[in-house]
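K.L.:
Residue 103 in the working numbering sits at position 117 of the sequence shown, with consecutive numbering throughout. Glycine is no exception: its CB is placed at the ideal position from the N, C-alpha and C atoms. Pasting a structure here, questions to come.
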Amino acid sequence: YKDKTFERVAQYYQTFEKVDAVEMINGQRVPKLADILKNLDWDFVCKGTPSGFHGDLHFENIIYDEKKNKFTLLDWRQDFGGILEYGDTYYDLAKLYHGLIISHELIAENQFSVGVRGENIVTFDFQRKQSLVEIDEYFKTYIVKKGYSLARVELLTSLIFLNIAALHHYPYSQLLYFLGKYGLFRQTSAQAK
């Protein structure tokens, strides 16, 4: 997670000619991403649960057959960070959670806004489907009920947003970057209290 995050963030900075900075994001002062990542408890983040893996588990990669009451997963990855034998349940949970937060369908309809003005003042907003908002709470309850760490899933979800920012078009890439940075800051600040 750590190596990939640093590589992808560097790729984002290079592709979009972005410089890491202290920013006011949606009214919250957020330090440089490098400082947030430096202080992140990477041992906690990387303490996964080995499992059969998917690697890109989001809703567009899941098909449900009502007649057979069966799910089929599409677009499996050939490895998990170079590991062929197993993946991380937490990563797949975080990929699902990212899909509850960001609807690719609404992004395709440009149902989001992101802007930077003045001295690094950032605002972003995005539409969410009501059904996904309702599932969000159920999903969090399920994670806790099954004995998983919700804090780890949320941290990985923010890291996923940062990791995929470099792979998407502007301005969606910018939304993903700021959403990841903002989320990571809020989660690490909450854990520090």
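1) Alpha carbons only, please: which of Phe110, Ala151, Gly169 and Leu118 is nearest the one belonging to Ala137?
2) Since I believe Tyr163 is in contact with Leu153 (beta carbons under 8 angstroms), could you give me their beta-carbon distance rounded to a whole number of angstroms?
3) For Phe2, tell me which candidate among Thr174, Leu161 and Ser175 has the shortest Cα-Cα distance.
4) What does Glu95 pair with, by DSSP beta-bridge criteria?
5) Buried or exposed, going by whether 16 or more other CB atoms sit within 10 Å of the CB of Leu59?
6) From what residue to what residue does the beta strand (DSSP E) around Val16 run?
7) How many whole angstroms separate the CB atoms of Tyr83 and Val31, which I take to be in contact at a CB cut-off of 8 angstroms?
8) Please determine if the stretch 96 to 113 and the stretch 6 to 15 are in contact, where contact requires at least 3 C-beta pairs separated by less than 8 angstroms.
9) Give me the residue from Gly133, Leu19, Thr174 and Ile88 with the minimum Cα distance to Glu46.
10) Distance, Cα to Cα, His44 vs Lys81?
11) Determine which residues share a DSSP beta bridge with Tyr50 and list them.
12) With a threshold of 8 angstroms on Cβ separation, who are the neighbours of Val184 within its own chain once the five nearest residues in sequence on each side are excluded?
13) Quick one: what's got a C-beta closer than 7 angstroms to Val130's C-beta in the same chain, skipping five residues either side?
P.N.:
Reading off the structure:
1) What you label residue 137 is simply residue 151 of the sequence shown in a count that begins at 1. Nearest option by C-alpha distance: Gly169.
2) Counting from one through the sequence shown, the residue named residue 153 turns up at place 167. Counting from one through the sequence shown, the residue named residue 163 turns up at place 177. With 8 angstroms as the limit, Leu153 and Tyr163 do not qualify as a contact, their Cβ atoms being about 11 angstroms apart.
3) Locating residue 2 in the sequence shown gives position 16, where the first residue counts as 1. Among Thr174, Leu161 and Ser175, the Cα nearest to that of Phe2 belongs to Leu161.
4) For the purposes of this step, residue 95 is identified with residue 109 of the sequence shown, where counting begins at 1. Note: Glu95 sits in no beta bridge, so no partner.
5) Counting from 1 along the sequence shown, the entry for residue 59 is found at position 73. Its Cβ having fewer than 16 others within 10 Å, Leu59 is exposed.
6) To locate residue 16, count along the sequence shown from 1; it is residue 30. Where Val16 is concerned, the enclosing beta strand (DSSP E) stretches over Gln14 to Val16.
7) Counting from 1 along the sequence shown, the entry for residue 83 is found at position 97. Counting from 1 along the sequence shown, the entry for residue 31 is found at position 45. No, Tyr83 and Val31 are not in contact; Cβ-Cβ is about 14 angstroms, not under 8 angstroms.
8) yes
9) The sequence position of residue 46 within the sequence shown is 60, counting from 1. When each option's Cα is compared against that of Glu46, the closest is Ile88.
10) If you number the sequence shown from 1, residue 44 lands on position 58. If you number the sequence shown from 1, residue 81 lands on position 95. For His44 and Lys81, the distance between alpha carbons rounds to 6 angstroms.
11) Your numbering for residue 50 matches position 64 in the sequence shown. BP columns for Tyr50 point to Phe57.
12) Lying before the first or after the last residue shown, residue 184 is absent from the chain, which here runs from -13 to 179.
13) To locate residue 130, count along the sequence shown from 1; it is residue 144. Answer for Val130: Leu136, listed in chain order.
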